[in-house]
Every structure is written in C-alpha cells, then in structure tokens.
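1 is the number of the first residue of the sequence shown in UniProt numbering; add one for each residue after it. These notes concern the structure reproduced below.
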Amino acid sequence: MMRGTSLVLALFMFFYVNGSFLRQTTRQGNQSALMSDKSQTIKVPLQVSIDSKRYVVTGYPQYVKIKLTGPSALVTTTVNTQNFKVYADLSDLGTGQHRVKLKVSGLNSELTSSIDPETITVNIQSKKTITVPVSVQLSSKTVADGYEVGTAKSSMANVQVSGARSEVAKVAKVVAFVNVPHTATATFTRQVTLQAVDKNGQTLNVVVTPDTLSVTVPITSTKSSSSSDSGSTSGSSSSSSGSSDTETSSATSSRQSSASSQTETRSSSIQSASSSASN
C-alpha cells in the first residue's frame with residue numbers, strides 16, 4: 001500500500017512540475033512576442049502649417065508614407081489609432097518656391113520613424129479673393145412636346161473665388177451646370193455644385209464660396225398661348241362676319257326702300273294720267 005501511495009505522489013509531482021514549466025514557458029513566449037521589435041509602413045495625410053488667410057500653398061502631396069519601428073504591441077496600437085501627424089512647417093517662409101523637410105509630432109518616444117519622401121518642394125503664393133457672377137448653363141433647352149424652357153435663375157447672383165493670385169487671375173466665370181430632363185413638363189429646382197473655369201472652360205484650382213447653390217428652371221406649356229391665339233382669330237372672324245351681315249342687311253334695306261319709292265312714283269304717274277283723260 002505504501003508503494004501505491006508513493007507512486008501516486010510521484011505521478012502528481014511529475015505532472016505538477018511539468019505543468020508549471022509549460023505555463024512559465026508560455027508566459028515567457030507571450031512576453032517575448034510583446035517585447036520584440038516590429039516595423040510597419042502606412043500612408044498618412046500630410047499637413048501644412050501656414051497662415052491660410054494670407055497664403056496659398058501648392059505642389060505638395062496629399063499623402064506620404066511613414067515606416068514605424070518599435071515594440072510590436074506599440075507599433076500595432078499606433079497604426080490603428082494614428083494619433084500622430086506628419087507635417088511641413090512653412091510658418092517662417094514667404095512667397096516663392098521652397099524645399100522643406102517633413103517632420104513628425106505626437107509619436108511615442110519608443111518608436112522610430114522614417115518618412116518617404118523626406119523632403120518636398122512647395123510653391124507659396126499670396127492669397128487673393130474676388131467676386132464673380134454666377135453663369136447658369138443648361139444641358140438642353142429641348143423638353144417634352146408642347147412645353148418650353150424659360151430663363152433659369154440661381155439663388156445667388158454672385159459668389160466669392162479665393163486662391164493663389166496667379167490662379168485667380170485666370171478665372172473667366174463661375175458656372176452652375178444644370179441637367180434638364182428631355183421629359184420635363186413642370187418647373188423644377190436643383191442644388192448644383194459651382195465650378196470656376198478659365199476662358200477655355202478648364203476647371204481651376206481655386207475655392208468657390210459658397211460651393212453650391214440652387215437653380216430654378218421654369219418649364220411652361222405652349223398649348224395655352226396657342227388656344228388664346230386661336231380664340232382671338234375666331235373672335236375677329238365672328239366680328240368680321242357680323243359686320244358683313246350688317247352691311248348686307250343695310251344694302252338689302254336700301255334696295256327695298258328704293259324699289260318702294262319707284263313703285264310709289266309709278267302709281268302717282270298713272271293717277272295723274274287718268275285725271276287728265278277724264279277732263
């Protein structure tokens with residue numbers, strides 16, 4: 001019996017020791033995975049630091065690539081949250097073309113980074129704002145049979161256009177393009193996006209404020225006017241007919257009066273002749 005008890009205790013100690021060893025190995029493996037370094041490259045938006053009320057910047061990319069290296073868990077968290085920014089500091093620069101080195105802020109100190117590209121070339125220009133009238137353009141003036149398109153009206157007559165001085169100088173007009181359905185039979189209103197274009201109709205890189213407005217396109221029936229014209233013609237014909245009948249009646253009355261007069265004259269002559277003969 002003592003041997004059996006010893007065997008059970010020995011087996012218990014064996015499994016206990018091996019289980020502890022396995023748990024410790026697993027924890028160490030997990031810790032090792034958490035502490036190991038990892039690299040990952042992601043694409044992030046590029047921010048530009050400048051006085052936007054005075055200047056306009058062109059020529060820079062909207063996105064850049066950044067490679068993050070550090071503890072695996074930290075890299076994963078940073079990639080998911082993206083609680084940092086890549087930017088170009090232009091606050092101390094004037095107008096003209098400049099080559100600028102990109103910077104990173106808000107990144108955990110345990111991480112290292114490399115940006116692609118490291119530098120960019122930008123063009124800084126003075127900002128200009130002008131007022132431009134809105135020109136409404138219709139896709140078609142042909143609608144359903146019996147209807148016609150009137151003069152379209154926009155909710156605003158003028159808008160503001162802002163941008164780089166050289167770009168604003170090219171603005172020929174601001175267009176509100178409206179698609180007119182060929183089956184339209186009633187007046188309609190559309191909310192349309194405005195576009196600033198040059199003399200060749202090419203869209204310019206400027207900001208239009210507001211960038212949308214409503215345009216009302218009147219659709220009227222041509223049948224009512226035709227009926228009115230027809231009625232007028234009919235009225236004129238009736239009037240002419242009435243006038244003609246009156247004239248005909250007058251002429252008839254005149255002829256009848258003349259005939260009566262002639263009859264009376266003949267009767268008088270006969271009576272006079274009879275009186276002479278009897279004398």
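Cβ atoms here follow ideal geometry from the backbone N, Cα and C, with glycine treated the same way.
Q) Whose CA, out of S162, I115 and S36, lies closest to the CA of Y63? A) For Y63, the closest C-alpha among the options S162, I115 and S36 is that of I115.
Looking at the strands, I want to know which residues DSSP matches up with Y60. For Y60, which the question treats as bridged, DSSP gives no partner whatsoever.
- Message: In the DSSP assignment, the alpha helix (DSSP H) including L90 goes from what residue to what residue?
- Response: Counted as a single uninterrupted DSSP element, the stretch harbouring L90 is not any alpha helix (DSSP H), since DSSP gives it neither H nor E.
_Could you tell me the alpha carbon to alpha carbon distance between N84 and K38, rounded to whole angstroms?_
According to the sequence as given, residue 84 is Phe; it is not Asn. Roughly 18 Å between the two C-alpha positions.
Report the rounded CA-to-CA distance for P181 versus S140, giving the unit in angstroms. Answer to the nearest angstrom: the Cα atoms are 8 Å apart.
Quiz item: Whole-angstrom Cβ separation of V192 and F177, contact assumed at under 8 Å?
Solution: By a beta-carbon distance limit of 8 Å, V192 contacts F177. Their separation comes to about 6 Å.
### Message
Mapping the DSSP letters down to three states, classify A176 as helix, strand or coil.
### Response
The DSSP-derived three-state label of A176 is strand.
### Spatial distance of T222 from T183 (CA atoms)
Rounded to the nearest angstrom, the two C-alpha atoms are 15 Å apart.
(Q) Just to confirm before moving on: does the CB-CB distance between V175 and D198 stay below 8 Å? (A) Their beta carbons are not under 8 Å apart, which means V175 does not touch D198 by this criterion.
- Leaving out the 5 sequence neighbours to the left and right, which residues in its chain are closer than 8 Å to V207 when beta-carbon positions are compared? Once the five neighbours on either side are set aside, the close Cβ partners of V207 are V161, S162 and G163.
Exercise. Name the one or two DSSP bridge partners that S105 has.
Key: BP columns for S105 point to K85.
Original post:
Which one of Q47, D211 and N108 has the shortest CA to CA distance from L194?
Top reply: Nearest C-alpha to L194: D211.
- request: Determine the direct distance from the alpha carbon of I124 to that of Y87, and round the result to whole angstroms.
  value: When rounded, the distance between both Cα atoms is 16 Å.
Exercise. Count the other C-beta atoms from every protein chain shown that fall within 10 angstroms of the C-beta of S36, then say buried if there are 16 or more, exposed otherwise.
Key: By the 10 Å Cβ count, S36 comes out exposed.
Under 8 Å: do the region 64 to 76 and the region 99 to 115 share three or more Cβ pairs, one atom per stretch? Using a C-beta cut-off of 8 Å, the region 64 to 76 makes contact with the region 99 to 115, since at least three inter-stretch Cβ pairs fall below that distance.
If we ignore side chains and look at the alpha-carbon of each, how far apart do V48 and T58 end up?
Looking at the two C-alpha atoms, the distance is approximately 10 Å.
| query | Going along the chain, which residues of its own chain have a beta-carbon closer than 6 Å to the beta-carbon of K101, five neighbours each way excluded? | reply | Excluding five sequence positions before and after K101, the CB atoms of its chain that fall closer than 6 Å to its own CB belong to T119, given in chain order.
**Prompt:** Any idea if A196 is buried or exposed, counting beta-carbon neighbours within 10 angstroms, 16 or more meaning buried?
**Reply:** With 16 or more Cβ atoms within 10 Å of its Cβ, A196 is classed as buried.
Helix, strand or coil at T78 [DSSP, three-state] = DSSP, read as helix, strand or coil, puts T78 in helix.
- Look up E167 in the DSSP assignment and say whether it is helix, strand or coil. Note: E167 maps to helix in three-state DSSP.
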